Amino acid sequence: MKYSKLLFILLTIYSSYFSEIQAQEYTLKLQAENAISRGLKDSLKIKKSYANKEAVLNKIDTIHKTLQQIGYIDTELKQINIKNDTAYTANFYLGKKYKYLRIYYSEQDFSQRELKQVATEVEGNYFTIPITSFPSAMRKLTAIRNQQGNAFARIKATKFEKDENNELTATLYLNNGNQRTIDSIAIKGYERFPRSYLKYYAGIKKGKIFNKKKLVEQSENLNSLGFVSATKPPEALFRKDSTIVYFYLEKQNNNQFDGILGFATDEETQKLEFNGYLNLELNNNLHFGEQFLLNYRADGKEQIQFRTKVTLPYLFRTPFGLSGELKIFKRDSSFVTTEQQLRTTYQINPASQSYVGYRSFDSSNLLDQTMAGIPIEDFKSSFIIGGISYLKYQNHSMFPIKTKLSLDIGAGSRVRNGNSERQQQAEVSLSNIFKLNLKNSIFTQTTTNALFSDTYLVNELFRFGGINSIRGFDENSIDASLFSVINTEYRYQFNKTMFAHSIIDIGYFENETLDLKQKLYSFGLGLGITTKAGLFRFIAATGSTEEQNLNVSNIKIHISLSSRF
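Take 1 as the starting number for the sequence shown in the UniProt record's numbering and just add one per residue.
1. At the level of alpha carbons, what is the spacing between Glu-377 and Asp-515?
2. Verify whether the separation of the beta carbon atoms of Arg-471 and Gly-524 is less than 9 Å.
3. Measuring alpha carbon to alpha carbon, tell me which of His-558, Gln-31, Thr-488 and Ser-111 ends up nearest Ile-80.
4. Can you find the residues in the same chain that come closer than 8 Å, C-beta to C-beta, to Gln-22, ignoring five residues on each side of it along the sequence?
5. Please classify Tyr-200: does DSSP put it in a helix, a strand, or coil?
6. Rounded to whole angstroms, what is the Cα-Cα separation between Thr-530 and Thr-344?
7. Can you check which of these residues, Gln-147, Glu-290, Asn-432 and Glu-460, is closest to Ile-374 by C-alpha distance?
8. In the DSSP assignment, the alpha helix (DSSP H) including Pro-234 goes from what residue to what residue?
9. Compute the Euclidean distance between the alpha carbons of Phe-536 and Lys-309, then round it to the nearest angstrom.
10. So, using beta-carbon positions, are Ser-363 and Phe-335 closer together than 9 Å?
11. With H, G and I counted as helix, E and B as strand and the rest as coil, what does DSSP make of Gly-507?
12. Where DSSP assigns a beta bridge to Asp-258, which residues make up the other side?
13. Identify the continuous beta strand (DSSP E) that holds Ser-219 and give its terminal residues.
14. Pick helix, strand or coil for Glu-54, following the three-state DSSP scheme.
15. If you compare alpha carbons, which of Phe-464, Thr-446, Phe-499 and Ala-351 is closest to Pro-399?
16. Using the Cα positions of Leu-315 and Leu-198, report the straight-line distance between them to the nearest angstrom.
17. When you compare the CB positions of Ile-506 and Tyr-521, do they come within less than 9 Å of one another, or not?
18. Would you give the residue range spanned by the alpha helix (DSSP H) that Leu-40 belongs to?
19. Have a look at Gly-149, Tyr-105 and Ala-186 and flag the residue whose alpha-carbon is nearest the alpha-carbon of Thr-158.
20. Please name the residue, chosen from Ser-431, Ser-544, Gln-256 and Thr-27, that lies closest to Asn-58 on a Cα-to-Cα basis.
21. Please classify Pro-350: does DSSP put it in a helix, a strand, or coil?
22. Quick one: using the 10 Å Cβ neighbour count with 16 as the cut-off for buried, is Lys-556 buried or exposed?
23. Quick check on DSSP: helix, strand or coil for Val-118?
24. Are at least three pairs of beta-carbons, each pair with one atom in the segment 236 to 254 and one in the segment 173 to 183, less than 8 Å apart?
25. Here's the rule: buried if 16 or more other CB atoms are within 10 angstroms of the residue's CB, otherwise exposed. What is Asp-408?
26. For Val-356, is the classification buried or exposed, using 16 other Cβ atoms within 10 angstroms of its Cβ as the cut-off for buried?
27. Leaving out five residues before and five after Gly-177 in sequence, what residues of the same chain have Cβ atoms less than 6 Å from its Cβ?
28. Spell out the partners DSSP gives Asp-479 in its beta bridges.
29. Hey, could you find the ends of the beta strand (DSSP E) Leu-514 is sitting in?
30. Does the distance from the CB of Asn-554 to the CB of Thr-542 come in under 9 Å?
31. State the DSSP-derived secondary structure class of Phe-538, mapped to helix, strand or coil.
32. Consult DSSP for Gln-22 and reduce its assignment to one of helix, strand or coil.
33. Residues in the same chain with beta-carbon distance under 6 Å from Thr-141, minus the five sequence neighbours each way, listed in chain order, please.
34. Leaving aside the five residues before and after Val-552 along the sequence, list all residues of the same chain whose C-beta is less than 8 Å from its C-beta, in chain order.
35. Using 8 Å for Cβ pairs, my map puts Ile-131 next to Leu-101. What's the rounded Cβ distance?
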């Protein structure tokens, strides 16, 4: 029993002793030859207390390094005073604070243009940087050299000295290593990916200088194709005499479908009539990057549109491609026009493409008798066409295209009643998204089409109006020999799947058959939602002319749903 009481007393004394030790707080103060400013103390981040002696000593060592990094090159730890075993005072000699570092370099290593990316001043054989930015400047210069194919380049500053003006100087030392080029390309995940897209679309070729940053950007650009996605950044395997770049890709389903089809029996003719619309887009189903489009739209009586297009890119693994297109447009019982087009394309660079081709029209007058003031006649026309396009993509699921420019010109002739007449066509389109911040952006687009001829027929004019041109008007309800439309949208993105936008459209057109020149206006609102079925878009807009006031009762509703499969 006595031993039990003694053990209990010893355990109590032991736990009390160590509880007191654990409760002790270690403090740290800083002293120097002059008073230390509050700003400097804040930058050193000295805490009120520390857990133990080791934490205090580690902090003192960190303070020493930090002082040197912010310009106190001559700093020196003089001594450490300890009071009551827990209160530490570190006495430093700070010396002069240097704000700038002058670094001497060889003009063979870096150009002045490259050094201006990091320096505040660049002269013939030296450049000056704030001493606090020294680590980031060295990393930036190393990255510049790496981007030029020197993947193993190493840069450091040596010979830190003070010159006659007591200014801090150093000498830049560069070890370039061996310059690397892309010797082989391997694709992981989607082995059947058409490699021509790597070479001509993304600009990734064997023999090019290895640039990791550029390779990452080029890999991300492949995401804009829609039928493939980069699962992670590319990697490189450096061997003694070769460099292999690995791309990690995954095939994506990029076929699209949307449409509504209906049919009914005409009460007068007892014939079956179709109405509605159908849009079908098939992409890369043969792993060739090919595209097939099919569009059909009919309102039951007034007009029917049909379009089909096939695009074959990079034939025989060259930058040349081929596309063919067929369009048929029928307006009630007035006329039917067939357009055929064949193009040979050439990829200039990853963003730009040019083409030359042939376009022909064949139109038939369906009227039993000629109507006064409405020149509709049978004709045939053909054009030699050429153009150029530019596309710049951005990393955005709902708005992948940031900038788009296309120019199309054609020269040819029209034949009617055995008489030939020279004609020219021109089509220009430019759109851009101006990003204000993460949620707000402004979309602008301008489109201009013109037909130049001595005489004009109704069935050869351009037709515009609707969701793809000037909103608030019926689809293809306006005929024009020349028209120009400016579309603008202020977009607000609520989240990654939903956005709303305003609509302000302005248009101008000329119709030479009616000797008509008129301005158009359109205002409205739109909503876009990404659902499991696809992208749903709802647009409500009302249009007017300069002779007609806006009327709320004339609001046109445009609805579309694009599904991917």
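Glycine included, each C-beta is placed from N, C-alpha and C at the ideal position. Bear in mind that the values here come from a model prediction, so they are computed numbers and not experimental data.
A quick look at the data gives this:
1. Distance between the alpha carbons of Glu-377 and Asp-515: 18 Å.
2. Closer than 9 Å, so yes.
3. Checked all of His-558, Gln-31, Thr-488 and Ser-111; the closest Cα to Ile-80 is Gln-31.
4. Note on Gln-22: pLDDT 49, under 50, position unreliable in the model; no value is reported.
5. If DSSP states are grouped into helix, strand and coil, Tyr-200 belongs with the helices.
6. C-alpha separation (whole angstroms): 35 Å.
7. Each of Gln-147, Glu-290, Asn-432 and Glu-460 was checked against the Cα of Ile-374, and the nearest Cα belongs to Glu-460.
8. Run containing Pro-234: none in the alpha helix (DSSP H); it sits in the beta strand (DSSP E), 228 to 238.
9. Computed Cα separation, rounded: 24 Å.
10. Yes, they are a contact pair.
11. Residue state, collapsed to three classes: strand.
12. Answer is Asn-279.
13. Residue range 212 to 221 is occupied by the alpha helix (DSSP H) that includes Ser-219, with no beta strand (DSSP E) assigned at that position.
14. Here Glu-54 sits in helix by DSSP.
15. Note that residue 399 is Phe in the sequence shown, not Pro. Cα-wise, what sits closest to Phe-399 is Phe-499.
16. Rounded to whole angstroms, Leu-315 to Leu-198 spans 14 Å at the Cα level.
17. A contact, by the Cβ cut-off of 9 Å.
18. In this chain, the alpha helix (DSSP H) harbouring Leu-40 covers 38 to 44.
19. Scanning Gly-149, Tyr-105 and Ala-186 for the CA closest to the CA of Thr-158 turns up Tyr-105.
20. When only C-alpha atoms are compared, the closest one is Thr-27.
21. Three-state DSSP puts Pro-350 in coil, outside helix and strand.
22. So Lys-556 ends up on the buried side.
23. In the three-state reduction of the DSSP assignment, Val-118 falls in the coil class, being assigned neither a helical nor a strand state.
24. Enough Cβ pairs lie closer than 8 Å, so yes.
25. Under this definition Asp-408 is a buried residue.
26. Here Val-356 is exposed: its Cβ has fewer than 16 other Cβ atoms, across all protein chains shown, within 10 Å.
27. Here Gly-177 has Asn-150, Phe-152 and Ala-153 as same chain residues with Cβ atoms under 6 Å from its own Cβ, once five neighbours each way along the sequence are excluded.
28. Answer is Arg-463.
29. If you look at Leu-514, you'll find it isn't in any beta strand (DSSP E); DSSP assigns it neither H nor E.
30. Less than 9 Å divides the Cβ of Asn-554 from the Cβ of Thr-542.
31. Taken through DSSP and simplified to helix, strand or coil, Phe-538 comes out as strand.
32. For Gln-22, the predicted model reports a pLDDT of 49, less than 50, meaning its position is unreliable; a value from the coordinates is still stated below. The answer is helix: DSSP assigns Gln-22 an H, G or I state.
33. Position check: residue 141 holds Leu in this sequence, whereas Thr was assumed. Excluding sequence positions up to five before and after Leu-141, its CB lies within less than 6 Å of the CB of Ile-155, all in the same chain and listed in chain order.
34. The residues are Thr-542.
35. The pair is a contact, with the Cβ atoms about 5 Å apart (cut-off 8 Å).
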